[in-house]
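This report concerns only the one structure given below.
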Amino acid sequence: MGLIVGWLEAIGDYALLLWNSILATREIHRSFGEVVRQIAAIGYGSLTIVMGSSTFVGLVSGVLISYQIKDYVPADLIGLGIWKGVSTELAPVLTALVVAGRVGGGLASEIGTMRVTEQIDALEVMGINPYRFIVLPRIIAGIISIPLLTIVATFIAVLAALFLTVYIYGLPSNPLINGIKASFVPKDLIVGGTKAFVFGGIITTVSCYFGYYTKGGAVGVGRSAMNAVVASAVLILAADFLISMYFYS
């Protein structure tokens, strides 16, 4: 019974944080500088690790697809499989998981430290809306940065997969590229973009939630950071399933 009550309280606190953040959008122009700073921290700060991870994602995709089916299907279908798998699934999901690991815990610990050191209470005493000053800029930065990082990840992963299939497995490049061109449809971009947008919102809102409601001093900050990463990862995978079912059912 206590577990159920705890879950209900958590859902209520999360909904309250979202609602107060939505209300704070009326004053977001006053936090424009903070939004830009958070975009730089989340987006640009994650660029290197996203580029590195997406390179290996593309190489692994090329290995699996080329080795498993190169003797059974034409090269253009291999190009189709690379594009579909990377653009709609691998790039959005793995980019979000990488960013959740790097950014999610950082946001939760940063805001959690502000909570346990009473900095958030001080903002409220001074009449500054903490949702407008702390939470909302990070949410906006997340839903802007993650789609941009996903575009970069998709481009790099596809190039890496093509490089491996052509130069390692010896497949002809023209049919592969023609397969990608033939399979390119706007729906793939919509699916990948929707996932990236939702994942960005999940990472930042969940991390801000755990940070904002941190209790228990330094131990509580560490616990909030861990919970933020774990919860973000689980919700990303759940959202990936639901979005895929919506578009492809």
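For my numbering, add 52 to where a residue sits in the sequence shown, where the first one is 1.
A virtual CB, placed ideally from N, CA and C, is assigned to each residue, including glycine.
Proximal residues to residue i (C-beta, below 6 Å), its chain only, five neighbours per side dropped
i	result
E86	P189
T256	R190, I191, G194
L111	A212, L216
F299	V243
T202	A143, P144, T147, A248
V155	I94
Cα-Cα separation, residue i to residue j
i	j	result
N72	Y183	7 Å
V271	L228	52 Å
I220	A152	33 Å
K267	P126	58 Å
G274	L214	41 Å
L159	Y119	41 Å
V88	I198	14 Å
F43	I101	The structure shown has nothing for residue 43, since the chain only spans 53 to 301.
V218	V138	17 Å
R78	A93	24 Å
E141	A283	20 Å
Local Cβ density within 10 Å of residue i, reported as buried at 16 or more and exposed below that
i	result
P238	exposed
M297	exposed
Q251	Rather than Gln, the amino acid found at residue 251 in this sequence is Phe. Burial call: buried.
F262	buried
I232	buried
R330	Shown here, the chain extends from 53 to 301; a query on residue 330 therefore has no answer.
N226	exposed
I130	buried
V258	buried
Selection from the options that minimises the alpha carbon distance to residue i
i	options	result
L70	Y264, L287, A213	Y264
V210	I220, S113, R89, G104	S113
W135	T169, I208, V281, S83	I208
T165	S276, V286, A280, I288	S276
I186	T140, S83, V282	S83
G133	I163, A234, V258	A234
D128	N230, S98, G157	N230
G269	G222, S259, E162	E162
Residues of its chain near residue i, where Cβ-Cβ distance is below 7 Å and the 5 sequence neighbours each way are ignored
i	result
A290	none
T246	I295
I288	V145, A148, L149, A152, F251, I254
M103	V204, I208
S105	L146, V150
Extent of the continuous alpha helix (DSSP H) run through residue i
i	result
N226	225 to 235
I91	84 to 91
S35	It is not possible to answer for residue 35, since the shown part of the chain is limited to 53 through 301.
L149	143 to 151
S296	269 to 300
P189	188 to 219
G158	157 to 168
Residues near residue i by beta carbon distance below 8 Å, same chain, minus five either side
i	result
I196	I91, G95, G252
Min CB distance residue i to chain D below 8 Å
i	result
I63	In the displayed structure, chain D is absent; only one protein chain is listed.
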